[in-house]
Amino acid sequence: GLGDSFYEYLLKQYVYSGHQDEAAAQEYLDALRDLREHLVKVTHAPIYNSTRTHPHLYVTALHEGMPTDTMETLVCFLPGLLALGHLHGLTYAPPADAGPAYAPSGEPRPLAMDDLTLARELMHTCTDMYLDQESGIAPEAVLFHAPGGGARTGGGRGSEWYTVEKAGYYLRPEVIESLYLMHTATGDPEYQDLGWHIFKTINRTCRTDVAYSGLVDVTQPTPEQNDSMQSFFLAETLKYFYLLFSPPETLSINEWVFTTEAHVLKIP
1 GLGDSFYEYL LKQYVYSGHQ DEAAAQEYLD ALRDLREHLV KVTHAPIYNS TRTHPHLYVT
61 ALHEGMPTDT METLVCFLPG LLALGHLHGL TYAPPADAGP AYAPSGEPRP LAMDDLTLAR
121 ELMHTCTDMY LDQESGIAPE AVLFHAPGGG ARTGGGRGSE WYTVEKAGYY LRPEVIESLY
181 LMHTATGDPE YQDLGWHIFK TINRTCRTDV AYSGLVDVTQ PTPEQNDSMQ SFFLAETLKY
241 FYLLFSPPET LSINEWVFTT EAHVLKIP
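The sequence shown begins at 1 in the numbering used here and counts up one residue at a time.
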């Protein structure tokens, strides 16, 4: 959160300029490299009904220059941003000697990944945070555990690989925004299927007689509502749901660009 919009606008300024703002483009590409070097981490999640695990990538926050292994749901705008960069041809180029994106063991290697591959991996983690909760809704923030670090208290069904640090839900748009942009970039119906599952769960847990409400603790099977609906639910979350399920010609990303608050600007 907080400074994420700056990096979002580096790409979107480049897009809005008709691909002419080379300074913004270079800063964005520099940020993509630094992201991989300093913030993208890996944990190992259990495969349901199995003793095996598989790797999940996440983006850690920093405190005084050190990784905290905490990831907020706000960070889930990132798969969509990487997909948007892919759609506009502004992407990280792995070094020639980077090797394959995955080691022979299947372990992901972020510095060797192109943007769309990294976006797929991060999207997987973001949506798993929904699927892993008893309520079907993702928490505000989780603390990921190092591979082999053992279980800690808290968390959903996968508490051996993360702990829920902030269990509330505020109807945020970031995951839905990324599902929309990932579907636009890839055409993969999986992203619509995930979006529909999340939409139905929001409708079941958050809808009231007059509006929609955030939730107090998503780790509970039937979370208590917090009687608060943020304005971004209407301005952003529902807008991205609508676009996710609309025909591609509804809005062309070659003609329009979204602000960080989902206002649509015509590219000059």
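Using N, Cα and C, we set each Cβ at its ideal position, and we do this for glycine too.
Helix, strand or coil for residue i, going by three-state DSSP, please let me know.
| i | result |
| --- | --- |
| Pro46 | strand |
| Arg33 | helix |
| Val210 | coil |
| Trp196 | helix |
| Tyr16 | helix |
| His263 | coil |
| Tyr162 | strand |
| Tyr170 | coil |
| Pro247 | coil |
Contact defined as beta carbons within less than 8 Å: I believe residue i pairs with residue j. What is the distance between those atoms, to the nearest angstrom?
| i | j | result |
| --- | --- | --- |
| Tyr130 | Ile176 | In fact, because the Cβ distance is near 11 Å, the residues do not count as touching under 8 Å. |
| Leu244 | Thr250 | 10 Å between Cβ atoms; not a contact. |
| Asp115 | Leu74 | That pair is no contact at about 19 Å. |
| Ala211 | Met229 | 5 Å |
| His86 | His19 | Going by Cβ atoms, the distance from His86 to His19 rounds to 14 Å, so no, they are not a contact pair. |
| Ala101 | Ala112 | 5 Å |
| Lys166 | Pro189 | About 32 Å separates the two Cβ atoms, so there is no contact after all. |
| Val142 | Tyr169 | Not really, about 13 Å apart at Cβ, beyond 8 Å. |
| Glu8 | Thr260 | 5 Å |
With 16 other CB atoms within 10 Å as the buried threshold, where does residue i fall?
| i | result |
| --- | --- |
| Leu62 | exposed |
| Pro247 | exposed |
| Glu173 | The identity of residue 173 in the sequence shown is Pro, whereas the question assumes Glu. The residue in question, Pro173, is buried, as its Cβ has 16 or more Cβ neighbours within 10 Å. |
| Leu78 | buried |
| Val264 | exposed |
| Trp275 | Because the chain in this structure spans residues 1 to 268, residue 275 falls outside the shown range and cannot be described. |
| Ala25 | buried |
| Glu37 | exposed |
| His44 | buried |
Which residues mark the beginning and the end of the beta strand (DSSP E) in which residue i is found?
| i | result |
| --- | --- |
| Ala141 | Ala141 to Phe144 |
| Phe258 | Trp256 to Phe258 |
Could you check where the alpha helix (DSSP H) with residue i kicks off and where it finishes?
| i | result |
| --- | --- |
| Thr184 | Glu174 to Thr186 |
Closer than 7 Å to a non-hydrogen atom of the ligand GDP - does that hold for the CB of residue i?
| i | result |
| --- | --- |
| Glu22 | As presented, the structure is devoid of all ligands, the ligand GDP included, so that no description of it is given. |
TODO: List in chain order: all unbroken alpha helix (DSSP H) runs of 4+ residues lying wholly within the region 59 to 124.
DONE: Those alpha helix (DSSP H) runs which fall completely within the region 59 to 124 and span 4+ residues are 78 to 87.
- [ ] Please list the segments of the alpha helix (DSSP H) lying wholly inside the region 209 to 244, counting only runs of 4 or more residues, in order along the chain.
- [x] Taking only runs of at least 4 residues, the alpha helix (DSSP H) segments lying wholly in the region 209 to 244 are 238 to 244.
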